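K.L.:
The structure is given below, and queries will be raised subsequently.
Numbering (the working numbering), first residue to last: 117 to 329.
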C-alpha cells in the first residue's frame, strides 16, 4: 500500500481491493488527476468504519462493492457514472439523493421491502439487475422507485415490474420519462414480446434478453 500511496497523485484511474486494516496508508490522499475509481472494501476483523480520500476534483466515475457503498465518503455531487454491486435499494437512496448530475447508473440489487422514491433529474441510462431472485419476486415494483425525466436507455428484469408488468412499465414511462429511446427487458418473462411491443410503440428500440444480467 505504501508503494501505491506514492503514485496516487499521478493516477487517472484506480482500482482498489483493500481491507479496512490497510486503508490508513492511503486515507485522505489527494488525487488531483483521478477520473475513475473502482473501490472494493473488506475486513478481516469484521469491523467497519467510514473511509475517505482527500480532494478528488476530477472524479466522475465510481464502482463500489456493497461495503464500499456503505462506508466510503466521496464527492457524490460531481459524479456522472455510478455502479454499486449487491446493495439494498434503501441503502442507495442517501447516495443517489446527492448525485444531481448523474448520467449513468447501474445497480446490482438485493431485495428491498421498503418504499423508496428517488428523483434523478439528469439520468440518461439506468441498468438494474437482481442479486436475490426470490427476494426480488417477493418485493417487486422496484422500477417505480425511480423518477427519471431525462432517461433514454433502460435495462431491467421483468420481475421489477410487479404482478402487472405492462401496466407497471407504461406507468413508469408516463410518470418519469419523456425521452426513452432504448428498453431492454431481461430474464424470465410472463408477458410475450409481442404484447410488450404493442404496448410500447412509442419506444424506438425494444429488445429482450434471457440473461438475468
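A virtual CB, placed ideally from N, CA and C, is assigned to each residue, including glycine. Note that the structure is predicted; figures quoted are calculated from it, not measured.
So, with DSSP's three-state summary, where would you put residue 189?
P.N.:
Translated into positions along the chain shown, residue 189 becomes position 73. It is a strand residue.
K.L.:
Please return the same chain residues whose Cβ sits closer than 7 Å to the Cβ of residue 186, not counting the five positions on each side in sequence.
P.N.:
Within the chain shown, the letter at position 70 stands for residue 186. So the list reads 207, once near-sequence residues are dropped.
K.L.:
Could you name the residues of the same chain whose beta carbon sits closer than 7 Å to that of residue 127, not counting the 5 residues immediately before and after it, in chain order?
P.N.:
As a working note, residue 127 is residue 11 in the chain shown. Contacts found: 147, 149 and 150.
K.L.:
Could you pull the DSSP bridge partners for residue 242 from this structure?
P.N.:
Start at 1 with the first residue of the chain shown, and residue 242 comes out as number 126. DSSP, once it has assigned bridges, lists 221 and 270 as partnering residue 242.
K.L.:
Residue 161 lies in the alpha helix (DSSP H); which residues open and close that run?
P.N.:
Your numbering for residue 161 matches position 45 in the chain shown. Neither: residue 161 is in no alpha helix (DSSP H) and is coded neither H nor E.
K.L.:
Please report the distance separating the alpha-carbon of residue 84 from that of residue 239.
P.N.:
Outside the shown range of the chain (117 to 329) lies residue 84, about which nothing can therefore be said.
K.L.:
Going by alpha carbons, who is nearest to residue 313 out of 282, 139 and 209?
P.N.:
One-based indexing of the chain shown puts residue 313 at position 197. Ranking the options by Cα distance to residue 313, first place goes to 282.
K.L.:
With a CB to CB cut of under 6 Å and the five nearest residues on each side skipped, what residues in its chain are close to residue 222?
P.N.:
By one-based count along the chain shown, residue 222 stands at place 106. For residue 222, where only same-chain residues beyond five positions count, the Cβ hits under 6 Å are 199 and 243.
K.L.:
What does the Cβ neighbour count give for residue 157, buried or exposed, with the cut at 16 atoms within 10 Å?
P.N.:
In the chain shown, counting from the first residue as 1, residue 157 sits at position 41. Answer is buried; the Cβ neighbour count reaches 16.
K.L.:
Between residue 216 and chain C, is the shortest Cβ-Cβ distance under 7 Å, so that the two count as touching?
P.N.:
Absent here is chain C; the protein component of the structure consists of one chain.
K.L.:
State the Cα-Cα distance for the pair residue 219 and residue 179, rounded to the nearest angstrom.
P.N.:
Stepping through the chain shown from its first residue, residue 219 is reached at position 103. Stepping through the chain shown from its first residue, residue 179 is reached at position 63. Each residue's alpha carbon lies about 14 Å from the other.
K.L.:
Is residue 283 helix, strand or coil by DSSP?
P.N.:
Along the chain shown, read from residue 1 onward, the residue named residue 283 stands at position 167. Reduced to three states, the DSSP call for residue 283 is helix.
K.L.:
Please classify residue 102 as buried or exposed, where buried requires at least 16 neighbouring CB atoms within 10 angstroms.
P.N.:
This structure leaves residue 102 out entirely; the chain is present only between 117 and 329.
K.L.:
Grab the span of the beta strand (DSSP E) containing residue 322 for me, first residue to last.
P.N.:
Looking up residue 322 in the chain shown gives position 206. 321-325 is the span of the beta strand (DSSP E), which, as asked, contains residue 322.
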